[in-house]
Every structure is written in structure tokens, then in C-alpha cells.
Amino acid sequence: MNAKIRLYVEHPLGPGQSVPLTREHAHYLFGVMRLSVGGRVALFNGQDGEWVAEVVEAGKRDGVLSCAEQTKPLQLPPDLWLLFAPIKKARTDFIVEKAAEMGASRIMPVQTEFTNSERIRQDRLQAHAVEAAEQCGGMFVPEVTDLQRLDRLLAAWPENRQLMFCDEAEAGAALRLAGNEKGQPWAILIGPEGGFSESERKRLSALPYAHVVSLGPRILRADTAAVAAMTVWQQALGDWS
Ligand code: SAM
């Protein structure tokens, strides 16, 4: 029993469970997608796996779904944070969307010395992460945190979390991820268009949990670098293998 439309809901899912719709979801299902009573929708909430639900009430501004059966068990992403310095709006949106698709468990915009933007629209970025999870078949929506200063984040860093520090100054050096155990908490750090300052580079390289990493011989744009870094991490230490 499959459904083409997938929605992330903040509501428990289980056999026979009723799920009241938000105004936005009701508008989308009944106004945009033209679903009516009896229509089917796939639901996930980050906790209960994926369920097929049937429309039992359809209004203009509200409605109710009823869970029929579980179609996939819960599969959580690896414990991988993506830290990145926000860049231009469309490229920042791209990074958030791709991070959710690639299986980041948390997306954290950080302000480095050369970061251009001082503000982000956290709610808009969170909505992009929800949309990406809905369309890629993921069962989890990574939290997008508010912009925070990298130095403050490092001052309170959990010591068991490894940090893959993607440093453009290392471009062309060998990738050093092999030899690490799978299943450990990690974070990836991508710098802004201007790269990292010398003092940041010095501080980051000296951290006991930091792994300075090259992403090949060419300097990648930050959005490309974010996807490339998540790809090599997923392949070496994540849920790709
Ligand atoms: N302005 C910098 C320069 O010219 O050297 C380039 C910064 S790059 C556009 C943005 C970020 O992507 C970097 O801070 C780094 O985190 C990552 N990055 C890009 N290419 C990389 C590479 N070859 N190796 C490691 N990290 C890279």
C-alpha cells in the first residue's frame, strides 16, 4: 500500500492513530494536490518510521488522517553534524537541502572570521530541511540551529566528537579518515568563501579531536565542498557501507 505524497508531521504515528492536519498541510493536500477522503499519504515524524495514512476528513483549513500500516521501520542517520559558514542565500539553501539528503543529523551554521552574513533565517532553513527529508525518503529531519560563533562553539565542544576540519590550505594532501572507527560522533566543518583565517587554522589544527582534511587538489566552492565532504565521510565512516 504505497502513497506518493510524503509528509513530515509532529505527531505520534501508530496503528489506527488519528493525525490532525495543520492548516498548511490541509491546504497542500486538499488545495494543491487535490486529495480527498480515502486518499493516501506517507507520514514520518523522526521517531516511528514511515506510515501510510488515509484521509478521513478533508476541509479547506484542516483535516484528519488515520494511520493504516507501517511501510518502513525507523532509520536514523549517523551522528554527523555539518558546520558551515553561511554564504549567499541560494547557496546556503542548497547546503541545507543537500545536508538533509546526505544524512546529516544536525545542521549548524557558524560564524567564522571571514563569514559574510551575520544573520540567517533559521525557520526558512529548517523548512528546507523538512522538504528535503520528505522528498528523499528520509525518516528523520535534521535540526537546523541558529547561527553561532565558531569560537564559542569550540569552547564548549563535546570532547568525544571528532571534527573533520576541511582546510583549503591542505588542498591536494591525502585524505586522512581511514583508521577511525565507525559509529562515533563526528562533525564536518566547511569554511566561508574567504576560507579560514590563519589564527582559526592554527587553533583548529591543534584541537585533539580535529582531523585536518583535504578535499582534493582543487579549491571547491563552499557548497560543493559541503557535499563532497559528506560524501567521503559517509563512504568511509557513515551508513553507505
Ligand atoms: N578563499 C579560499 C581560498 O581561496 O583558498 C577558499 C575557500 S573555499 C571556497 C570554502 C571552504 O570549502 C573552505 O574553507 C574549506 O572548508 C572547503 N574547501 C574547499 N576546497 C577544499 C579543498 N580542496 N580541501 C579542503 N577543503 C576545501
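Adding 885 to a residue's 1-based position in the sequence shown gives its number in this note's numbering. From the three backbone atoms N, C-alpha and C, an ideal C-beta is built for every residue, glycine too. Computed from a predicted model, the values in this text were never measured in an experiment.
How big is the Cα-Cα spacing for residue i and residue j?
{"i": "Pro-1102", "j": "Lys-957", "result": "41 Å"}
{"i": "Lys-1070", "j": "Val-1117", "result": "For the sequence presented, residue 1070 should be read as Pro rather than Lys. Taking the straight line from one Cα to the other gives about 16 Å."}
{"i": "Pro-905", "j": "Ala-1018", "result": "21 Å"}
{"i": "Ala-1099", "j": "Gln-955", "result": "Strictly speaking, residue 1099 in this sequence is Ser, with Ala absent from that position. Cα-Cα distance, rounded: 42 Å."}
{"i": "Arg-1009", "j": "Thr-977", "result": "11 Å"}
{"i": "Phe-1081", "j": "Lys-983", "result": "22 Å"}
{"i": "Lys-889", "j": "Trp-966", "result": "30 Å"}
{"i": "Leu-1074", "j": "Leu-1039", "result": "11 Å"}
{"i": "Pro-900", "j": "Tyr-1094", "result": "44 Å"}
What residue does the beta strand (DSSP E) around residue i start on, and which one ends it?
{"i": "Gln-996", "result": "991 to 996"}
{"i": "Leu-1032", "result": "Run containing Leu-1032: none; DSSP gives neither H nor E here."}
{"i": "Ala-1041", "result": "Per DSSP, Ala-1041 belongs to no beta strand (DSSP E) and is neither H nor E."}
Which residues share a DSSP beta bridge with residue i?
{"i": "Lys-957", "result": "Glu-935"}
{"i": "His-1096", "result": "Met-1049"}
{"i": "Val-981", "result": "According to DSSP, Val-981 bridges with nothing at all."}
{"i": "Leu-928", "result": "Leu-892 and Trp-936"}
For residue i, does the count of other Cβ atoms within 10 angstroms reach 16, so buried, or fall short, so exposed?
{"i": "Met-993", "result": "buried"}
{"i": "Glu-935", "result": "buried"}
{"i": "Asn-930", "result": "buried"}
{"i": "Trp-1042", "result": "exposed"}
{"i": "Glu-1085", "result": "buried"}
{"i": "Ala-911", "result": "buried"}
{"i": "Leu-961", "result": "exposed"}
What residue range is occupied by the uninterrupted alpha helix (DSSP H) comprising residue i?
{"i": "Val-1112", "result": "1107 to 1122"}
{"i": "Val-1015", "result": "1007 to 1021"}
Check whether the Cβ atoms of residue i and residue j lie closer than 8 Å to each other.
{"i": "Val-1097", "j": "Asp-1052", "result": "yes"}
{"i": "Gly-1076", "j": "Ala-970", "result": "yes"}
{"i": "Pro-1027", "j": "Ala-1072", "result": "no"}
{"i": "Val-1015", "j": "Tyr-893", "result": "yes"}
{"i": "Gly-924", "j": "Val-940", "result": "yes"}
{"i": "Ala-1110", "j": "Leu-1062", "result": "no"}
{"i": "Ala-1058", "j": "Ile-1104", "result": "no"}
{"i": "Glu-1078", "j": "Ala-1107", "result": "yes"}
{"i": "Gly-1022", "j": "Asp-1124", "result": "no"}
{"i": "Ala-943", "j": "Val-922", "result": "yes"}
{"i": "Asp-1031", "j": "Gln-996", "result": "no"}
{"i": "Pro-963", "j": "Asp-933", "result": "no"}
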